[in-house]
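Everything in the sequence shown is counted per this note's numbering, starting at 6 for the first residue and increasing by one. Quick reminder that beta carbons are idealized off the backbone N, C-alpha and C, glycines included. Just below is one structure, and these are the notes that go with it.
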Amino acid sequence: LLPDAFSRFENLKQFAAFWLGWDDVRSLQYAQLAQAGFARAAYVGPIEKGPSLRQLGYGLQANGRAAEAEVAARAALGHFTSSLGLNNRNSIRAVAAVADAISRQGDYPRSESFLTEQKRQMASTAGGVSASMERMLREQQLENAWLSGDSASAAAGFVDDPKSLLSPVALGDNDLTSFWPLLALDLAGRPREALDALLAYRNTLPQPVRATLTWIRTLEVQATLELAAAEPARALATAGVLLTVLGNERATTGRAYRTAAELSAVAAARVGNVAEATRALAASQTAASAPFSSLAERAESGLRRAEGLNASGRHAEAVSTARAVLTDLTGQRRDSPRLVQARQLAGL
């Protein structure tokens with residue numbers, strides 16, 4: 006392809022989307038190349054530049070660069086709204102990307118303010134606030150609840166029409182497959198309902214299981230919910246599937262592999278298989294330097310490791326790990342389950 010051909014930049018953007026989730030460093034590299042090309046091409050309009058900027062934002066966020074991700078997502082939103090208006094699928098997804106990036110910086114009030122302003126702007130249009138906007142707003146509010154450990158807000162998010170958030174169609178309509186409603190429902194103390202909704206969604210996915218962002222996130226959240234629903238044997242099997250899929254692709258140095266190995270370690274510990282818990286913890290270290298997209302997710306990783314270390318008899322390491330987690334939880338709600346677990350593992 007010619008150096009400045011549109012199809013070349015479009016292919017680079019597609020590669021960025023392909024690698025996202027299991028090789029986030031490579032995903033960002035492709036996203037940066039694609040955006041650099043689109044930015045210098047005078048013939049490329051805002052509708053083409055918007056998706057590239059949004060993909061760049063996702064790549065930056067996945068690499069722990071949420072502030073930069075916000076800048077890219079805001080630029081994408083500007084391109085979409087200038088060409089398509091706010092009541093458009095691309096614009097609404099860009100709104101979600103901006104809010105997501107702000108939340109990953111731990112600035113939950115600013116994220117809420119941004120969402121409120123976007124809703125106000127849409128309410129002032131002839132069509133009013135669309136159903137898609139309403140659902141996206143609720144999903145992002147549930148993300149804030151999950152990231153901050155706000156159980157009360159998580160529970161409140163399901164008072165009205167929970168099925169609109171938990172149907173397979175709703176769960177599948179997400180660029181990052183983040184499943185915030187499921188994670189928030191677990192935070193609200195209803196992991197079984199969340200697991201049932203996820204399994205219903207999983208039944209709609211194309212087979213076989215492959216190393217795609219959709220399958221990676223589905224299996225991660227499934228194992229997480231199985232642990233929360235007191236089904237560690239099933240969680241161990243689910244995490245094992247994900248480890249095998251990633252291992253077959255030699256994708257053992259990224260966030261996805263680390264998460265799968267940590268989930269496997271916790272599940273093995275809970276079924277009393279200390280040897281497997283120890284092996285899984287060691288496997289997770291192949292991706293020890295993989296970036297975290299938020300402090301809450303880094304804390305989640307630390308809590309999984311602390312539990313696995315404790316079960317493996319490495320109590321001093323478990324305490325040290327749990328105490329390090331507490332420094333990442335300074336922005337959590339006082340009654341955050343993460344804080345409770347970290348203090349218990351830290352012996353406080």
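{"Item": "Proximity below 8 Å, CB of TRP27 to CB of GLU305", "Value": "no"}
{"Item": "Buried versus exposed, by CB contacts within 10 Å (16 or more), ALA168", "Value": "Checking the sequence shown, residue 168 turns out to be Lys, not Ala. Classification for LYS168: exposed."}
{"Item": "Supposed close pair SER57, ALA39 - CB separation, criterion 8 Å", "Value": "5 Å"}
{"Item": "With 16 other Cβ atoms within 10 Å as the buried cut-off, status of ASP166", "Value": "exposed"}
{"Item": "Environment of ASN208 [buried if 16+ CB atoms lie within 10 Å]", "Value": "exposed"}
{"Item": "Element boundaries [alpha helix (DSSP H), containing ALA316]", "Value": "300-316"}
{"Item": "Chain-order list of residues whose beta-carbon lies under 7 Å from that of LEU344 (same chain, five-residue window excluded)", "Value": "GLY154, LEU334 and GLN337"}
{"Item": "Proximity to ASN149 [Cα-Cα], best of TYR113, ALA273, THR264 and MET141", "Value": "TYR113"}
{"Item": "Complete alpha helix (DSSP H) runs within the stretch 203-245 (minimum length 4 residues, chain order)", "Value": "218-233"}
{"Item": "TYR48 - DSSP class collapsed to helix/strand/coil", "Value": "coil"}
{"Item": "Reduced DSSP secondary structure (H/G/I, E/B, other) of LEU353", "Value": "coil"}
{"Item": "Buried or exposed by the 16-neighbour rule on C-beta atoms within 10 Å, applied to TYR48", "Value": "exposed"}
{"Item": "Which of helix, strand or coil DSSP assigns to ARG195", "Value": "coil"}
{"Item": "Nearest-angstrom Cα separation, counted from THR182 out to THR223", "Value": "8 Å"}
{"Item": "Any non-hydrogen atom of the ligand FAD closer than 7 Å to PRO56 Cβ", "Value": "Looking at this structure, you won't find the ligand FAD or any other ligand, since it has none at all."}
{"Item": "Where VAL276 falls: helix, strand or coil (DSSP)", "Value": "coil"}
{"Item": "Boundaries (first-last residue) of the alpha helix (DSSP H) holding TRP151", "Value": "136-153"}
{"Item": "Best match in ASN93, PRO211 and LEU247 for proximity to VAL226 [C-alpha to C-alpha]", "Value": "LEU247"}
{"Item": "Burial state of ARG339 (16 or more Cβ within 10 Å)", "Value": "exposed"}
{"Item": "Start and end residues, alpha helix (DSSP H) containing GLY83", "Value": "71-89"}
{"Item": "Proximity to LEU152 [Cα-Cα], best of ARG303, SER294 and ASN16", "Value": "ARG303"}
{"Item": "Spatial distance of VAL230 from ASP191 (CA atoms)", "Value": "According to the sequence as given, residue 230 is Leu; it is not Val. Each residue's alpha carbon lies about 7 Å from the other."}
{"Item": "At least three beta-carbon pairs within less than 8 Å, the stretch 121-130 to the stretch 305-321", "Value": "no"}
{"Item": "CB of GLY32 within 8 Å of CB of ALA67, strictly", "Value": "In the sequence on display, residue 32 carries Ser and not Gly. Taking 8 Å as the Cβ cut-off, SER32 and ALA67 qualify as a contacting pair."}
{"Item": "Start and end residues, alpha helix (DSSP H) containing GLY177", "Value": "173-177"}
{"Item": "Local Cβ density within 10 Å of ILE107, reported as buried at 16 or more and exposed below that", "Value": "buried"}
{"Item": "Bounding residues of the alpha helix (DSSP H) (the contiguous stretch that carries ASN95)", "Value": "94-109"}
{"Item": "For SER156 and ARG45, the rounded distance between their alpha carbons", "Value": "46 Å"}
{"Item": "Whole-angstrom distance between VAL279 and LEU142, CA atom to CA atom", "Value": "43 Å"}
{"Item": "ASP29 in three-state terms, based on DSSP", "Value": "helix"}
{"Item": "Buried/exposed call for ARG263, threshold 16 Cβ in 10 Å", "Value": "buried"}
{"Item": "Whole-Å CB distance - ALA216 paired with ALA256, under 8 Å assumed", "Value": "6 Å"}
{"Item": "LEU6 (DSSP reduced to helix, strand or coil)", "Value": "For LEU6, the pLDDT reaches just 49, beneath the cut-off of 50, and the residue's location in the model is therefore unreliable, although a value from the coordinates is still provided. Correct three-state label for LEU6: coil."}
{"Item": "Buried versus exposed, by CB contacts within 10 Å (16 or more), THR355", "Value": "Outside the modelled stretch of the chain, which goes from 6 to 353, sits residue 355, for which no answer is possible."}
{"Item": "Cβ pair VAL21, GLY69 closer than 8 Å", "Value": "The question names Val, but residue 21 is Ala in the sequence shown. No, these two residues do not count as a Cβ contact at 8 Å."}
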